[in-house]
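A short write-up of the structure that comes next.
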Amino acid sequence: MIEIVGLRKRFGTVTVLDGIDHQQAAGEVVALIGPSGCGKSTLLRCLNWLETPDAGSLRLGDVRIEAGTPEAADRRLRQLLRRRTGMIFQQFHLFPHRTALENVMEAPIHVDRLPRSEAHALAMGLLSKVGLADRAHHLPAQLSGGQQQRVAIARALAMKPQILLCDEPTSALDPELRGEVLTVLQTLAGEGMTLLIVTHELAFARDIAHRVVFLEGGRVVESGLTRAVLDQPQHPRLQEFLGKHRARPL
Amino acid sequence: MAWTTGVGSTTGAAQTPEPAIPQVLRWANDAEGGAPYIYHTPDNPDQLVGFEVELAQALCDRLGCTSQFVQYNWANLIPGLRQGGNYDIVIAALERTPENLAQVAMSRPYFAFGQQLVARTGDTNIQSLRDLAGRRIGVLASTLSHRLVTQQGGLEVRVYDENVNYFRDLELGRIDAVLTDSPIAAVQLRTSPNLRAAGPPFAPAHYAIAAPIGSSGLLTRINEALGSLIQDGTLERIYRRYELWGPQQAALATWTAEVVPTTTSGASTAATRLKPVPTLRYVTILIEAAVTTVWVSLTSMALAMTWGLGLALARCYGSRPVRWMAMSYIEVFRGTPLLLQLYFIYFGLAQQWGWKLSAGAAAVLTLGLNYAANEAENFRAGLEAIPRGQTEAALALGLSPVMTLRRILLPQALRISLPGITNDLIALFKDSSIVSVIGLVELTKEFLIRSLDAGDYIGLGILTAAIYLIMGHTASLAARTLERRLRT
């Protein structure tokens with residue numbers, strides 16, 4: 362489903378991604394971990410072209426892009442990439458001037474050109490799924506953080522993505538609100554959704570991910586099955602990273 | 084001379100009555116008056132010339148005092164004189180009419196003239212005011228010409244602040260005729276071959292020197308001095324230099340005050356008391372003027388917001404040259420005076436390229452283009468205040484950049500920009516008064532005209548202010564409702 366080969370990205374003189382290779386099967390849930398600044402968010406944002414990678418190739422389902430080629434500059438190709446993916450942000454980024462329902466209906470109506478009634482039914486179904494049917498007419502400001510993130514998930518699902526990219530989906534939430542978002546994501550994983558999740562919460566990774574990828578300095582340092590990576594780390598940098606995180610209560 | 088003031092001894096000062104002639108006689112005029120009255124010659128821009136300038140000098144020489152010119156807005160010369168403090172007398176083509184004599188004391192005439200109708204050379208139908216039914220005529224505000232055309236009725240009167248402007252509009256075809264004092268017409272006709280005198284001068288009248296009511300001592304001395312200037316030919320020599328001498332002026336020597344006697348104490352009290360203001364009539368007059376203010380302001384604002392949004396988008400998202408052009412536009416229109424822009428658009432475009440905009444169109448265009456610079460900055464502030472995540476979330480959902488702008492960014496930006504835009508709209512209600520210089524009578528101009536007529540600044544001032552407040556408050560209320568509609 363996802364195939365990344367030799368992905369590179371530089372911001373000025375700083376190399377953020379230094380040749381990333383990554384494969385992920387459909388229905389697989391992968392957690393990207395690593396110290397801040399290791400490039401894990403940038404990697405995620407390259408997958409839907411919010412950042413333009415400098416080199417490397419990318420395949421998401423049936424869409425292939427080779428960075429740096431003329432086709433990569435084509436807006437339609439970028440659009441295809443974005444149709445394959447949905448994105449969940451740390452800060453939710455709901456549209457503050459629209460209700461929960463309108464947030465979810467926005468893209469089906471204005472991208473998919475769905476009739477209003479169909480979009481409405483679709484949005485209401487998704488809001489029920491994340492347990493927020495009764496909050497459909499609330500503005501984001503009237504919702505708790507956990508509720509906002511659940512609306513954001515419903516909004517992303519409305520475009521029927523094949524892959525859900527989650528950029529620290531629970532970091533901005535109070536601990537007691539993380540559970541509700543986690544539950545929703547676990548449900549999606551159970552339904553076979555392909556999830557790529559950037560997180561620095563190891564407990565969360567342990568709960569949801571089949572595999573863990575540890576990034577540092579823009580490279581994949583270690584990757585493998587969740588338990589193996591988290592319980593028997595091989596690389597000293599990963600051991601050090603895990604050591605620091607265990608010492609800190611979540 | 085011995086009889087002037089400033090002897091300096093304390094004992095003397097206590098006994099002598101108030102001296103009639105001050106050491107320095109301050110005379111007021113408006114240098115915008117133009118030839119032949121008072122103007123700067125192009126070859127010596129520092130020096131004022133004109134027959135009134137020379138008359139003032141000759142008069143002060145004769146009176147034995149120093150002459151000091153005071154620049155003052157012509158339309159306000161009489162109120163300024165009545166209020167006192169800035170100048171002692173006015174030598175500025177003030178007509179010796181009962182209306183003026185009710186407000187100030189006036190000397191014997193120093194100049195005789197008539198009303199001259201001026202039309203375009205090609206427009207041969209116009210010979211008198213009667214030929215102008217339903218056509219547009221320009222006059223200077225608060226002049227005898229203004230009163231005459233108002234009394235005539237049936238004319239579309241355009242009121243100007245400056246002579247230069249109505250002649251230009253006449254040449255451009257924006258108006259069909261000008262009624263003005265014969266000396267003004269004479270000077271203009273010398274340089275404008277496409278204008279002609281329509282019929283002979285009529286409604287003979289005189290210019291006289293104005294002094295505050297009650298200053299009869301000063302006025303007596305001025306009358307004596309004027310008399311001697313006329314008798315010994317000084318006046319004739321001055322007027323001949325400006326090609327103004329004729330039998331009319333020669334008759335000044337034998338003039339007697341047949342119409343109204345020089346100031347008496349009775350006239351003084353009557354004139355100093357304010358006339359009662361028929362308030363209700365003025366309310367309707369001012370509200371009609373406010374309609375002009377409102378439509379000029381709202382249309383300008385609509386233009387400013389549309390064009391300003393384009394500029395803001397160019398500035399925020401354009402390529403480098405586009406950004407640079409938008410920025411230059413904003414700097415130029417923010418950084419130069421509105422009045423200058425108005426003259427450029429109204430007169431400049433017509434003169435240079437023959438684009439004869441109507442006064443209303445020029446006003447709306449100027450205010451719109453000028454305020455667009457402000458609105459562009461308001462919109463830019465709004466756009467820049469939106470977190471980057473909003474764009475990313477929209478793009479990630481598959482919305483195109485245009486859709487993202489229209490559906491997600493602009494509604495939020497508008498909400499953020501709205502208080503600034505509302506501020507500008509209220510400022511525009513007030514700033515739009517500038518269009519009176521091209522002959523549009525809006526609220527402030529109407530107030531100025533009516534307060535001069537009525538001699539009432541307080542009552543009409545409060546009334547005018549109230550109308551402005553109502554307009555501004557309505558704008559705030561509308562903005563607040565819109566803000567609530569845009570939510571968050």
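Chains as they are written, first to last, in my numbering: chain A, 362 to 611; chain B, 84 to 571. Using N, Cα and C, we set each Cβ at its ideal position, and we do this for glycine too.
Next on the checklist: Going residue by residue through the segment 512-587 of chain A, where are the continuous alpha helix (DSSP H) segments of at least 4 residues, counting only ones entirely within it?
Outcome noted: Runs found: 536-551, 563-569.
Next on the checklist: Rounded to the nearest angstrom, what separates Ile569/A and Arg563/B at their Cα positions?
Outcome noted: Sequence index remark: in the first sequence, residue 569/A carries index 208 (1-based). Sequence index remark: in the second sequence, residue 563/B carries index 480 (1-based). Distance between the alpha carbons of Ile569/A and Arg563/B: 48 angstroms.
Item to check | Listed by chain order, chain A residues near Ala468/B by CB distance under 9 angstroms | outcome: Position 385 of the second sequence, counted from the start, is the residue given in the question as residue 468/B. Within chain A, no residue comes near Ala468/B; the closest Cβ sits about 12 angstroms away, beyond 9 angstroms.
Checklist entry - Taking Asn169/B as the reference, which of Leu200/B, Pro295/B, Glu529/B has the closest Cα? => result Mapped onto the second sequence, residue 169/B falls at position 86. Answer by Cα proximity: Pro295/B.
Checklist entry - Buried or exposed: where does Gln385/A fall if 16 or more other Cβ atoms within 10 Å of its Cβ makes it buried? => result Working through the first sequence from its first residue, we reach residue 385/A at position 24. Sixteen is the threshold: when 16 or more other Cβ atoms of the shown chains lie within 10 Å of the Cβ of Gln385/A, as they do, the residue is buried.
Next on the checklist: Taking the alpha-carbon of Asp415/A as reference, which of Ala533/A, Gly380/A, Leu534/A, Glu467/A has the nearest alpha-carbon?
Outcome noted: Position 54 of the first sequence, counted from the first residue, corresponds to residue 415/A. Measuring from the Cα of Asp415/A, the nearest candidate turns out to be Gly380/A.
Item to check | Coarse secondary structure for Gln385/A, derived from DSSP in three states | outcome: Your numbering for residue 385/A matches position 24 in the first sequence. Strand at Gln385/A.
Next on the checklist: Checking 8 angstroms against the spacing of the C-beta atoms, do Leu455/A and Ala513/A come in under that value?
Outcome noted: The residue labelled residue 455/A in the question sits at position 94 within the first sequence. The residue labelled residue 513/A in the question sits at position 152 within the first sequence. The answer is yes: Cβ separation under 8 angstroms.
Item to check | Residues near Gln331/B in its chain [Cβ-Cβ closer than 6 angstroms; skip 5 each side] | outcome: Taking the first residue of the second sequence as position 1, residue 331/B is located at position 248. When the five nearest sequence neighbours on each side are left out, the beta carbons in the same chain lying within less than 6 angstroms of the beta carbon of Gln331/B are those of Ala195, in order along the chain.
Checklist entry - Does any C-beta atom of chain A lie closer than 8 angstroms to the C-beta of Leu560/B? => result Position 477 of the second sequence holds residue 560/B. So, not an interface residue.
Item to check | Leu131/B to Gly147/B span [Cα, whole Å] | outcome: As a working note, residue 131/B is residue 48 in the second sequence. As a working note, residue 147/B is residue 64 in the second sequence. Taking the straight line from one Cα to the other gives about 21 angstroms.
Checklist entry - Gly349/B by DSSP, collapsed to three states: which one? => result As a first step, residue 349/B must be located in the second sequence, where it is residue number 266. Here the model assigns Gly349/B a pLDDT of 39, short of 50, so the residue's position is not dependable and the matter cannot be decided.
Item to check | Exposure of Thr555/A, with buried meaning 16 or more beta-carbon neighbours within 10 Å | outcome: Walking along the first sequence from the start, residue 555/A turns up at place 194. Thr555/A should be labelled buried.
Checklist entry - Quick one: is Pro597/A buried, meaning 16 or more other Cβ sit within 10 Å of its Cβ, or exposed? => result If you number the first sequence from 1, residue 597/A lands on position 236. Residue environment for Pro597/A: exposed (fewer than 16 other C-beta atoms within 10 angstroms of its C-beta).
Checklist entry - Gly472/B touches chain A at which residues, Cβ-Cβ below 7 angstroms? => result Looking up residue 472/B in the second sequence gives position 389. By Cβ distance, chain A contributes Phe450, Gln452, His454.
Checklist entry - What residues in its chain sit with their C-beta under 8 angstroms from that of Asp113/B, if we drop five residues either side in the sequence? => result For the purposes of this step, residue 113/B is taken as the residue at position 30 of the second sequence. Only Ile121, Gln154, Tyr155, Asn156, Trp157, Leu160, Ala175 meet the Cβ criterion.
Checklist entry - chain A beta carbons: is any one of them nearer than 8 angstroms to that of Arg498/B? => result For the purposes of this step, residue 498/B is taken as residue 415 along the second sequence, with counting starting at 1. At least one CB of chain A lies nearer than 8 angstroms to the CB of Arg498/B.
Checklist entry - If the cut is a Cβ gap below 9 angstroms, which residues of chain A does Ile504/B touch? => result For the purposes of this step, residue 504/B is identified with residue 421 of the second sequence, where counting begins at 1. Chain-ordered listing is empty here: chain A has no CB closer than 9 angstroms to the CB of Ile504/B, the nearest sitting near 17 angstroms.
Checklist entry - Does any CB atom of chain A fall closer than 8 angstroms to the CB of Ala479/B? => result Here residue 479/B is taken as the residue at index 396 of the second sequence, counted from 1. True, the Cβ-Cβ gap to chain A drops below 8 angstroms.
Item to check | chain B contact residues for Met520/A, given Cβ-Cβ distances below 8 angstroms | outcome: Translated into the one-based positions of the first sequence, residue 520/A becomes position 159. Neighbours of Met520/A on chain B, chain order: Leu480, Gly481.
Next on the checklist: According to DSSP, is Ser483/B part of a helix, a strand, or is it coil?
Outcome noted: Reading the second sequence from its first residue, position 400 is the one you call residue 483/B. In this structure, Ser483/B counts as coil in the three-state DSSP scheme.
Checklist entry - Quick one, are the C-beta atoms of Leu253/B and Val261/B less than 8 angstroms apart? => result For the purposes of this step, residue 253/B is taken as the residue at position 170 of the second sequence. For the purposes of this step, residue 261/B is taken as the residue at position 178 of the second sequence. For Leu253/B and Val261/B, yes; Cβs fall inside 8 angstroms.
Item to check | Exposed unless 16 or more other CB atoms sit within 10 angstroms - verdict on Leu664/A | outcome: Missing from the structure shown is residue 664/A; chain A here goes from 362 to 611 and no further.
Checklist entry - Which chain A residues sit within Cβ distance under 8 angstroms of Leu569/B? => result Taking the first residue of the second sequence as 1, we reach residue 569/B at position 486. Those are His458, listed as they occur along chain A.
Item to check | Endpoints, the beta strand (DSSP E) within which Lys370/A is located | outcome: Here residue 370/A corresponds to residue number 9 of the first sequence, with the count starting at 1. Under the DSSP assignment, Lys370/A falls in the beta strand (DSSP E) whose first and last residues are 363-372.
Item to check | beta strand (DSSP E) runs contained entirely in the segment 103-176 of chain B, provided each spans 3 or more residues | outcome: Entirely contained in the segment 103-176 of chain B, the beta strand (DSSP E) runs reaching 3 residues are, in chain order, 107-112, 122-124, 127-132, 149-154.
Checklist entry - Should Leu423/B go down as buried or exposed, given a rule of 16 or more other Cβ atoms within 10 Å for buried? => result As a working mapping, residue 423/B is identified with position 340 in the second sequence. It is exposed - the Cβ of Leu423/B has fewer than 16 other Cβ atoms within 10 Å.
Next on the checklist: By the three-class DSSP mapping on this structure, what secondary structure does Pro359/B have?
Outcome noted: Indexing the second sequence from 1 puts residue 359/B at position 276. A caution first: Pro359/B carries a pLDDT of 48, below 50, which makes its placement in the model too unreliable to give a value.
Item to check | Proximal residues of chain A, C-beta to C-beta of Ala476/B below 7 angstroms | outcome: Looking up residue 476/B in the second sequence gives position 393. By Cβ distance, chain A contributes Phe450, His454.
Next on the checklist: To test your reading of the DSSP string, which unbroken alpha helix (DSSP H) runs of 4 or more residues are found completely within the segment 263-327 of chain B?
Outcome noted: Taking only runs of at least 4 residues, the alpha helix (DSSP H) segments lying wholly in the segment 263-327 of chain B are 265-274, 299-314, 317-324.
Checklist entry - the segment 528-554 of chain A: which residues have C-beta closer than 7 angstroms to a C-beta of chain B, in chain order? => result Residues passing the 7 angstroms Cβ filter: none.
Checklist entry - Looking only at C-alpha atoms, which of Asp435/A, Leu487/A, Ala564/A, Gly579/A sits nearest to Lys521/A? => result Residue 521/A sits at position 160 when you count from the first residue of the first sequence. For the residues Asp435/A, Leu487/A, Ala564/A, Gly579/A, the minimum Cα distance to Lys521/A belongs to Leu487/A.
Next on the checklist: I'd like to check one pair, Ile558/A with Leu393/A: are the Cβ atoms closer than 8 angstroms?
Outcome noted: What you label residue 393/A is simply residue 32 of the first sequence in a count that begins at 1. What you label residue 558/A is simply residue 197 of the first sequence in a count that begins at 1. Yes. Within cutoff.
Checklist entry - Comparing the C-beta of Gln510/A with each C-beta of chain B, is any distance below 8 angstroms? => result Here residue 510/A is taken as the residue at index 149 of the first sequence, counted from 1. With 8 angstroms as the cut-off, Gln510/A does not count as an interface residue toward chain B.
Checklist entry - Helix or strand or just coil, what does DSSP make of Pro344/B? => result For this step, residue 344/B is matched to residue 261 along the second sequence. At Pro344/B, the pLDDT of 44 sits below 50, so the modelled position is not reliable; the number obtained from the coordinates is stated separately. DSSP places Pro344/B in coil when its eight states are reduced to three.
Checklist entry - Excluding five sequence neighbours on each side, which residues of the same chain lie with their C-beta closer than 8 angstroms to the C-beta of Leu591/A? => result Translated into the one-based positions of the first sequence, residue 591/A becomes position 230. Answer for Leu591/A: Leu563, Ala566, Arg567, Val573, Leu603, listed in chain order.
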